[in-house]
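In our numbering, the protein residues as written are 1 to 254. Virtual Cβ for every residue (Gly too), placed ideally from N, Cα, C. Note that the structure is predicted; figures quoted are calculated from it, not measured.
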Amino acid sequence: MLLDNHIAAVTGAGSGIGRAIAIGYAREGARVVVLDVNADAAAETVQQILNAGGKGQAYSLDVTDRDACRLMATKVAGEVGNISILVNNAGINRRNAFTADPDAVVKDWQDIIAINLNGVFNVTHAFVEQLRATKGRIVNIGSIQSFMHVRTPNSPAYTTSKHGVLGFTRALAAELGKDGVRVNAIGPGLIETPLNAAVRANSPELIKTFMDHTPLGRAGKPEDIVGPAIFLASDLSAYVTGSMVMADGGYRTV
Ligand code: NAP
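What follows is the structure in structure tokens.
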């Protein structure tokens with residue numbers, strides 16, 4: 001299997017894309033450390049992994065808490081072993097325009113940057129020595145909005161955070177390449193998860209506009225991100241670093 005003998009940590013793995021990646025990695029032989037702010041959701045992902053004959057452990061982790069991330073890295077090293085794959089997936093979205101209610105806009109900015117960008121920093125910083133020791137791989141979850149602003153609608157904070165994820169991916173790829181650590185990202189298009197359930201339910205016309213711009217003509221499923229995530233974590237991508245693999249149905253090509 002493609003990920004035999006790997007230990008993979010996946011943040012936000014209690015739902016959506018993160019859960020699909022965790023289950024997909026376990027299917028490929030990895031032992032998966034399932035991290036989520038929601039302990040029950042993390043436990044459910046591990047249950048699904050175990051039911052399928054895989055290996056996994058669940059831990060509750062809020063990626064915005066830098067000290068908790070450091071403690072978690074130590075705990076995982078002691079209880080599971082040094083990780084060789086890190087997927088920075090935890091993320092949120094809010095869709096207020098910059099000129100909406102000022103209090104809401106400020107809160108959106110603080111929360112989105114804290115989770116989507118500072119969270120990626122916190123977890124990566126906590127686990128980086130393990131990843132250097134194992135010549136590991138980091139997979140960050142970016143977005144179409146690592147390159148542009150998409151009006152589904154979306155907040156400036158979300159677009160800013162995902163541009164930041166791309167910059168962080170490139171910077172770490174440059175620095176850690178000499179240690180044999182590869183750092184890449186995935187750019188999902190519209191993937192049907194709880195993250196966008198409200199906009200899908202309430203704004204079908206916006207979703208139609210989005211789909212009309214998508215060559216493959218459909219929304220993605222979490223499973224659509226699993227193949228790219230396995231590719232970037234496995235030796236199949238041995239000479240790939242600093243890239244963002246788009247899994248967006250072709251949105252960015254037109
Ligand atoms: P999701 O279904 O909402 O899953 C996100 C998970 O992250 C949830 O379990 C959530 O827990 C958890 N989480 C939230 N805050 C956290 C924190 N502070 N620490 C740890 N875990 C936290 O969303 P998704 O669609 O799978 O999104 C996963 C990633 O893909 C995100 O980075 C998102 O920006 C990115 N992405 C998604 C799409 C899309 O169309 N779905 C497109 C492009 C990029 P709670 O549910 O308890 O909050």
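* Are Leu86 and Ser60 close, meaning C-beta to C-beta below 9 Å? -> Cβ atoms of Leu86 and Ser60: not closer than 9 Å.
* Check: Tyr158 C-beta below 8 Å from any heavy atom of ligand 1 -> yes
* In three-state terms, what does DSSP make of Asp40? -> helix
* **Buried/exposed call for Asp248, threshold 16 Cβ in 10 Å** => buried
* To do: Kindly indicate which three-state DSSP category Ser143 falls into: helix, strand or coil?
  => Ser143: coil per DSSP, three-state reduction.
* Asked: Nearest to Arg218 by CA position, among Arg200, Ala114, Asp235, is which residue?
  -> Out of Arg200, Ala114, Asp235, the CA that lies nearest to the CA of Arg218 is found in Arg200.
* Asked: So which of Met211, Leu195, Asp235, Met246 has the shortest CA-CA distance to Gly16?
  -> Leu195
* **Cβ contact (3+ pairs, closer than 8 Å) linking the region 122-129 and the region 142-157** => no
* Which stretch, first to last residue, makes up the beta strand (DSSP E) that contains Pro228? -> No beta strand (DSSP E) contains Pro228, which is instead part of the alpha helix (DSSP H) from 226-233.
* Helix, strand or coil for Leu117 per DSSP? -> It is helical.
* Return yes when the C-beta of Gln110 is under 8 Å from any heavy atom of ligand 2, and no when it is not. => Ligands displayed in this structure: ligand 1; ligand 2 is not among them.
* **For Pro188: DSSP bridge partner residues** => Ala247
* By how many angstroms is the C-alpha of Thr11 removed from the C-alpha of Ala39? -> 12 Å
* To do: Out of Leu190, Ile225, Pro222, state which residue places its alpha-carbon closest to the alpha-carbon of Val209.
  => The question names Val, yet the displayed sequence has Thr at residue 209. Per the Cα distances, Leu190.
* Just how far apart, CA to CA, sit Arg151 and Ala100? -> 15 Å
* To do: Tell me whether the beta-carbon of Asp111 lies closer than 9 Å to the beta-carbon of Arg95.
  => no
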